[in-house]
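Please read the structure below before turning to the comments.
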Amino acid sequence: MMNLNALKIDPEFQGKIPPLTFEELNQLEANILRDGRIINPIIVWQGLIVDGHNRYTIAKKHPEIPFTVHEKEFASRYEAIIWICKNQLGRRNLTPEQKKFLMGKLYESEKLARGGSKERAHDENGRFTSMVQNDPLRAKQLSPCERIAAQNGVGAATVKRAEKYAKGVDAAEDAVPGAREEILTGRIKATDAEITALAKTPKAEIPAALAELRKPKQERQPRKAETTS
C-alpha cells in the first residue's frame with residue numbers, strides 16, 4: 303500500500319472536481335468505515351491526485367483503513383485536466399453551474415492540449431488515438447467543440463458559452479478564494495452573463511461585484527450591460 307504522504311493535492315486539479323456536500327462526505331466516510339476499506343482506488347498522475355480527493359482525506363483521518371492507488375499516464379497537465387473533466391461530467395448529481403464549468407474547462411483544455419493541431423481524440427487512458435477507430439463521433443471528424451456538445455447533449459454554441467462562463471468563474475476564484483464553490487453550488491445566484499462578465503472585470507473590482515451578486519436580485523445595483531459574444 304502506497305504511503306499517503308507520497309500523494310499530493312494539486313489545487314488546479316482539485317478545483318475541477320465539484321465538492322461533496324457535508325452530508326455526502328459524511329455518508330461516504332460512514333460507508334468506508336462500514337466496509338472496512340476504501341473500495342475505489344485513489345487515481346494519481348506523477349504523485350498528484352486526479353480523482354479520489356475525498357477518499358484521500360478519509361484515508362488520512364483513518365490510517366488503519368486499507369486503500370489502493372491507481373497510476374494513470376498523461377502526456378501533459380492539459381490531458382490530465384481533460385480526463386478529470388470528462389470523468390466528473392459523468393456524475394449524475396451535478397448542478398447546471400457545475401456542468402457548464404466542466405464543459406468549459408474541458409473545451410479550453412482540449413484546445414490547449416492540441417496546440418492548434420489537427421483534431422485527435424483521447425482513449426480511456428488519456429492518450430491520443432487515431433481518428434479511424436470505431437467511434438461514430440470520431441469518424442465524423444467533429445471538432446473538439448462539436449464532440450463535447452454531442453457527448454453532453456447540448457449545442458456547440460453552448461460549449462463555447464460554457465468556456466467563457468468558466469473563465470468568469472476562474473477570475474472570481476482568483477480574486478476571492480472560495481467564490482468558485484459559491485457560484486457552482488448556487489449560493490451565488492447569477493446569470494451566465496453576470497458570471498462571464500467577471501472575466502473582463504478588473505481583479506480589484508471583482509470582490510465588490512461578487513458582494514453585489516450575493517444580494518437578492520431586487521437589492522442589486524444595476525450594472526452596465528454586458529455581452530457574452
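Read in our numbering, the sequence shown has 331 at position 29, and its numbers run on one by one without any break. All C-beta atoms, glycine included, are put in the ideal place defined by N, C-alpha and C.
Does DSSP put residue i in a helix, in a strand, or in coil?
{"i": "valine 471", "result": "helix"}
{"i": "lysine 374", "result": "coil"}
{"i": "lysine 517", "result": "coil"}
{"i": "valine 478", "result": "coil"}
{"i": "glutamine 435", "result": "Low per-residue confidence applies at glutamine 435: pLDDT is 43, beneath 50, and the placement is therefore not dependable, though the value from the model is reported in the following sentence. Coil at glutamine 435, not helix or strand."}
{"i": "valine 461", "result": "helix"}
{"i": "isoleucine 340", "result": "coil"}
{"i": "lysine 318", "result": "coil"}
{"i": "isoleucine 367", "result": "coil"}
{"i": "threonine 498", "result": "helix"}
{"i": "alanine 423", "result": "Here alanine 423 scores only 43 on pLDDT, less than 50, and its place in the model is too uncertain to base an answer on."}
{"i": "arginine 429", "result": "The pLDDT assigned to arginine 429 is 42, lower than 50, so where the model puts this residue is not dependable; a value taken from the coordinates is nonetheless given after this. If DSSP states are grouped into helix, strand and coil, arginine 429 belongs with coil."}
{"i": "lysine 401", "result": "helix"}
{"i": "isoleucine 311", "result": "coil"}
{"i": "leucine 350", "result": "strand"}
Thinking C-alpha only, which one of the options is nearest residue i?
{"i": "asparagine 342", "options": "Ala477, Asn356 and Asp494", "result": "Asn356"}
{"i": "glutamate 314", "options": "Glu484, Glu475 and Arg489", "result": "Glu475"}
{"i": "isoleucine 360", "options": "Ala501, Glu381, Phe376 and Arg336", "result": "Arg336"}
{"i": "proline 509", "options": "Arg482, Lys519 and Ala495", "result": "Arg482"}
{"i": "leucine 391", "options": "Gly488, Ala452, Ala308 and Gly417", "result": "Ala452"}
{"i": "leucine 322", "options": "Asp353, Ala492 and Gln443", "result": "Asp353"}
{"i": "isoleucine 334", "options": "Ser445, Phe369 and Val461", "result": "Phe369"}
{"i": "alanine 377", "options": "Asn395, Gln348 and Lys388", "result": "Gln348"}
{"i": "lysine 462", "options": "Lys505, Pro479, Gly480 and Asp494", "result": "Asp494"}
{"i": "arginine 393", "options": "Ala513, Pro320, Gly338 and Leu309", "result": "Pro320"}
Does the beta-carbon distance from residue i to residue j come in below 7 Å?
{"i": "alanine 288", "j": "methionine 405", "result": "There is no way to answer for residue 288, as the model of the chain reaches only from 303 to 531."}
{"i": "histidine 372", "j": "isoleucine 345", "result": "yes"}
{"i": "lysine 402", "j": "tyrosine 358", "result": "no"}
{"i": "glutamate 412", "j": "leucine 486", "result": "no"}
{"i": "alanine 415", "j": "glutamate 381", "result": "yes"}
{"i": "isoleucine 311", "j": "isoleucine 351", "result": "yes"}
{"i": "isoleucine 497", "j": "glycine 470", "result": "yes"}
{"i": "alanine 473", "j": "alanine 511", "result": "no"}
{"i": "lysine 362", "j": "leucine 408", "result": "no"}
{"i": "alanine 459", "j": "glutamate 448", "result": "no"}
{"i": "lysine 318", "j": "isoleucine 386", "result": "yes"}
{"i": "threonine 397", "j": "glycine 455", "result": "no"}
Quick one: measure Cβ to Cβ for residue i and residue j, integer angstroms, because I've assumed they're closer than 8 Å.
{"i": "arginine 522", "j": "isoleucine 490", "result": "No, arginine 522 and isoleucine 490 are not in contact; Cβ-Cβ is about 12 Å, not under 8 Å."}
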